[in-house]
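Going down the list, the sequences are from chains A and B. Residue 378 in the numbering used here sits at position 325 of the first sequence, and the numbers go up by one each step. Residue 189 in the numbering used here sits at position 136 of the second sequence, and the numbers go up by one each step. We put the beta carbon where it would ideally sit given N, CA and C, even for glycine.
2 protein chains.
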Amino acid sequence: MITTRGYAAMEASAALKTYSFERRDPKDCDVVVDIQFCGVCHSDIHQVRNEWGGAVFPMVPGHEIVGIVSRIGSRVTRYKVGDRVGVGCFVDSCRQCECCRKGYEQFCDKGMVQTYNSQYYDGERTMGGYSKVIVVDENYVLRIPDALPMNASAPLLCAGITLYSPLKHWQAGPGKRVGIIGLGGLGHVGVKIGHAMGAEVTVLSQTLKKQSDGKRLGADHFLATSDPNTFKSRKNYFDLMINTVAANIDINSYLDLLRMDGTLVLVGVPPAPMTVGTFPLIFGRHRLAGSGIGGMAETQEMLDFCGKHGITSDIELIKIQQINEAYERVVKSDVRYRFVIDMASL
Amino acid sequence: MITTRGYAAMEASAALKTYSFERRDPKDCDVVVDIQFCGVCHSDIHQVRNEWGGAVFPMVPGHEIVGIVSRIGSRVTRYKVGDRVGVGCFVDSCRQCECCRKGYEQFCDKGMVQTYNSQYYDGERTMGGYSKVIVVDENYVLRIPDALPMNASAPLLCAGITLYSPLKHWQAGPGKRVGIIGLGGLGHVGVKIGHAMGAEVTVLSQTLKKQSDGKRLGADHFLATSDPNTFKSRKNYFDLMINTVAANIDINSYLDLLRMDGTLVLVGVPPAPMTVGTFPLIFGRHRLAGSGIGGMAETQEMLDFCGKHGITSDIELIKIQQINEAYERVVKSDVRYRFVIDMASL
Chain A
54 MITTRGYAAM EASAALKTYS FERRDPKDCD VVVDIQFCGV CHSDIHQVRN
104 EWGGAVFPMV PGHEIVGIVS RIGSRVTRYK VGDRVGVGCF VDSCRQCECC
154 RKGYEQFCDK GMVQTYNSQY YDGERTMGGY SKVIVVDENY VLRIPDALPM
204 NASAPLLCAG ITLYSPLKHW QAGPGKRVGI IGLGGLGHVG VKIGHAMGAE
254 VTVLSQTLKK QSDGKRLGAD HFLATSDPNT FKSRKNYFDL MINTVAANID
304 INSYLDLLRM DGTLVLVGVP PAPMTVGTFP LIFGRHRLAG SGIGGMAETQ
354 EMLDFCGKHG ITSDIELIKI QQINEAYERV VKSDVRYRFV IDMASL
Chain B
54 MITTRGYAAM EASAALKTYS FERRDPKDCD VVVDIQFCGV CHSDIHQVRN
104 EWGGAVFPMV PGHEIVGIVS RIGSRVTRYK VGDRVGVGCF VDSCRQCECC
154 RKGYEQFCDK GMVQTYNSQY YDGERTMGGY SKVIVVDENY VLRIPDALPM
204 NASAPLLCAG ITLYSPLKHW QAGPGKRVGI IGLGGLGHVG VKIGHAMGAE
254 VTVLSQTLKK QSDGKRLGAD HFLATSDPNT FKSRKNYFDL MINTVAANID
304 INSYLDLLRM DGTLVLVGVP PAPMTVGTFP LIFGRHRLAG SGIGGMAETQ
354 EMLDFCGKHG ITSDIELIKI QQINEAYERV VKSDVRYRFV IDMASL
C-alpha cells in the first residue's frame, strides 16, 4: 500500500483537517499521480455536508485533479513517468454496458465509480484529490495539453467538461445564440468555450455586477435577470441555454426565452425539484434537458480544445489550510471563479 | 352574412344548447364548408368550462371538423365545390413570422387564430365546428384522403396531428422503442401511427383493462403503470415516450424509463405544473419536451399518411343532442376512443 496524506471531513459538515490514509499499490493498468493542484467544486461541499445523502466518512473530497505521473503499472501504455495528467469525476466504470461502450461512461448502467465518496466494484473506497497521491487506471486518466498551465487547468476536469459537453452536443457554433445562466465556476468556463466555438454568447446573471468580467471572458451580451425587461427583450431568442445555477430559479421564465426547437440544459443541481409548466414546453416545441460531465474520450477532446484555444479557468490559488474558509466563500459565491488548492502546501 | 346554427355554451360550465349565429360571407380566398362531422376533444371541455382562462361566451366549440366544400371565393385555387375537407385547431396565423414561414403556424409569434374562442386579427370572433357551416381561408383547410371515411377522420385533425408530429419529429420508426402513456383519444391514435411508422410500441396504461384493445390497435407491449414492476423492467428502455395524460403523473418515474438521449414529450396539459427533478434529466442526458398539434403542411402530410395506412380514430358517433352527456363521459374517460358528432342531427 502507498501511505499518503490528505484533508478529510471526519463527519458530516465537520471542518476538513489533515488525514493520513492508504492508496492501493498500482495494479498492472494503474498510474500513480503525484497531485499538484486540485480544484474546489461546489459539489465537494454538498458531499462533505451530506446534502445529497449517502456520504461516508472519513471523506477526502476533490475531483479536479492535475499532477505528474510518478509510477506506472506493467501494462500501462498511454502514460509514462513525468507526464502531465488529470483525473476528473470518476475513476472507473463497468466498461461493458451500452453507455460505457458508446463513451458515456458517466451514465454507466452499473454506476460509475466516483473519484471520492464512492467505492470500486470490489469494495475499495475512493478518496479524492485533496491529497498528495492518487492511483488510477490509465483508462480513467487524461492528458493535460502542454500549452496549458497546470493550476488553472484543474477546474476543466469538472467545470470544463460540464459545459463543453452540452455546448458541443447541442451544437453551439456560428449563428447560434447561446445563453449562459449564472456566471460562476461553471458559467465562466461556459462563456469561454461557447465563444471559442463561435456562438453568440449571452450571460444571464442576477445583476450587472460582473458585466465587465463577462465581456472580458468573451460574452457578446450581458443581461440582468433582476430586470424584467430581460425576459421581454429576449423572448424566443436563444437556440440553447445552459443553466449553471444550483439554486431554484423560475425555469418557466427561461423556457420562454428559447426559440422554436430550443433547448434549456440543466447542469447545476438545485436543492428542490423544479416546477415546470406544460405550456412553456409545448409552445415552440421547447426542450428541457439534463447533462452531466462527459465521457473519457469527450473529456480529452475538451482538454485538447481548451489547449488549442488557450482556455483555462480563472482561479484563486489557495493553500490547503485555507480550505474551510474557501468553502464558506464558495457558498456565498465569493470567488472569481474557482478556488484551486496548491497541493505543495500540504 | 351567412346565418347558421350550432351548439354553444352561453356561459362558463353551462350546458351546451342550440344557438343561431352568423358567419362572414366568403372572401376571395375563403372556402365555405358544410360540416358533416365534428370530433369532441377534451380541450373543448376545458374551454367551455374556462379551465384555461380567457373564455368568451357564447362559445361554439369544436376543432375536429370535416365536411364538404359548398362554395368558394373568387381566388380559391386548391379546392372546388364538393371536395372532402377538414379544418383543425386554427383558421389563420400571421403568415410572416419565422414560425409561419417555416410551417410551424401553430407557434405563430403573433398567435395563431384558434378555430373557436379566439378572434381574427381584425377582431372577428371565431366559432367552432359544433355547427352546420364554417368559412375558412383555403390556406387553413385540409384535404381528407378518399380512402378514409369522413366521420372517423374528424379526430385526426387534432388528436391525429398531436401524436403524428412528435412521432415524426423524434423519428419513431424501425428499431425505435416508443412508449405511449395513456390510451385515450390521443393515445390510441398514437399507437396506430407509431405502429404504422414501424416502431416498437408499448402502451403504458393505469391498468391492463384496455390490453386487448391496445394489442388490436397495434401495440407490441402493454404495461400497467399501477404495477411497480413496470418501472423496474423498463428502466432505460424507451427512445421516445409521449405523455398523453392530462392529469398530473409522477413525471420523474417516467423519465427514468428513457434510454440515453431519450425524450419524453408532453402533449397533454395537466391542471397543475409538473414537479421535475434534476437528476432524472441529467442521468442519461434525458429530455423533457413539449409538442403542440402541427403546422398546415405537416397536418396534410399526417392525413395523407393515415390515408395510405388506413388509419382513423376509433369513434362513438353521437347526435348533437347528446353532447352534454358525452362531456361527462369524456371527463370520466368513458369513451373508446373519441366521440364524433353527426352534424346531420343538428
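- Secondary structure of I376 (chain A) (DSSP, three-state): helix.
- Secondary structure of N296 (chain A) (DSSP, three-state): strand.
- T352 (chain B) and A212 (chain B) have their C-alpha atoms spaced approximately 11 Å apart.
- Secondary structure of Y390 (chain A) (DSSP, three-state): coil.
- One alpha carbon belongs to G343 (chain A), the other to L317 (chain A), and they sit about 8 Å apart.
- If you draw a straight line from the Cα of K361 (chain A) to the Cα of F160 (chain B), it is about 41 Å long.
- Look at V129 (chain B) here: in three-state DSSP terms it is coil, with no helix or strand label.
- As computed with DSSP, M327 (chain B) is found in a beta bridge with A:V329.
- A residue is called buried once 16 or more other Cβ atoms fall within 10 Å of its Cβ, and K285 (chain B), having fewer, is exposed.
- Y132 (chain B) is positioned such that its CB atom lies closer than 7 Å to that of V122 (chain B).
- The beta carbon of L220 (chain B) sits closer than 8 Å to those of V231, G243, I246, G247, M250, A252, L293, I295, all from its chain and outside the five residues before and after it, given in chain order.
- According to the DSSP assignment, F284 (chain A) belongs to the alpha helix (DSSP H) that extends over 281-286.
- Under the DSSP definition of a beta bridge, T179 (chain B) lacks any partner.
- Among the residues of chain B, those whose CB is under 7 Å from the CB of C152 (chain A) are M313, following chain order.
- Within chain B, the residues placing a beta-carbon under 8 Å from that of A342 (chain A) are L334, R338, H339, R340, L341, ordered along the chain.
- As the crow flies, the alpha-carbon of Y380 (chain B) is around 31 Å from that of H339 (chain A).
- Rounded to whole angstroms, the separation of the alpha carbons of G238 (chain B) and M327 (chain B) is 22 Å.
- With a 10 Å radius around the Cβ and a threshold of 16 neighbouring Cβ atoms, E117 (chain A) comes out buried.
- Nearest to R196 (chain A) by alpha-carbon distance, out of A:D395, A:D387, A:V388, A:D357, is A:D357.
- Counting C-beta pairs with one atom in each stretch, the stretch 140-160 of chain A and the stretch 62-82 of chain A have fewer than three that are closer than 8 Å, which means they do not touch.
- Interface with chain B (7 Å Cβ-Cβ cutoff): P324 (chain A) is excluded.
- Secondary structure of A342 (chain B) (DSSP, three-state): strand.
- Proximity of chain B to G243 (chain A) at the Cβ level (cut-off 7 Å) is not reached, the minimal Cβ distance being about 16 Å.
- With three or more CB-CB distances shorter than 8 Å, the stretch 168-188 of chain A counts as touching the stretch 87-97 of chain A.
- The criterion of a C-beta distance shorter than 7 Å is satisfied by G348 (chain B) and Y157 (chain B).
- Only residues of its own chain outside the window of five on either side were considered, and among them I304, N305, L341 have a CB closer than 7 Å to the CB of V329 (chain B), listed in chain order.
- Take the alpha-carbon of D162 (chain B) and the one of D280 (chain B): they are about 43 Å apart.
- With 16 or more other Cβ atoms inside 10 Å of its own Cβ, M355 (chain B) counts as buried.
- For H274 (chain A), the enclosing beta strand (DSSP E) stretches over residues 274-277.
- Put simply, of B:L334, B:P323, B:Y174, B:T297 the residue whose alpha carbon is nearest the alpha carbon of R312 (chain B) is B:L334.
- For Y157 (chain A), the nearest CB of chain B lies under 7 Å from its own CB, placing it at the interface with that chain.
- For L319 (chain A), the chain B residues whose C-beta falls within less than 8 Å of its own C-beta are T331, L334, I335, listed in chain order.
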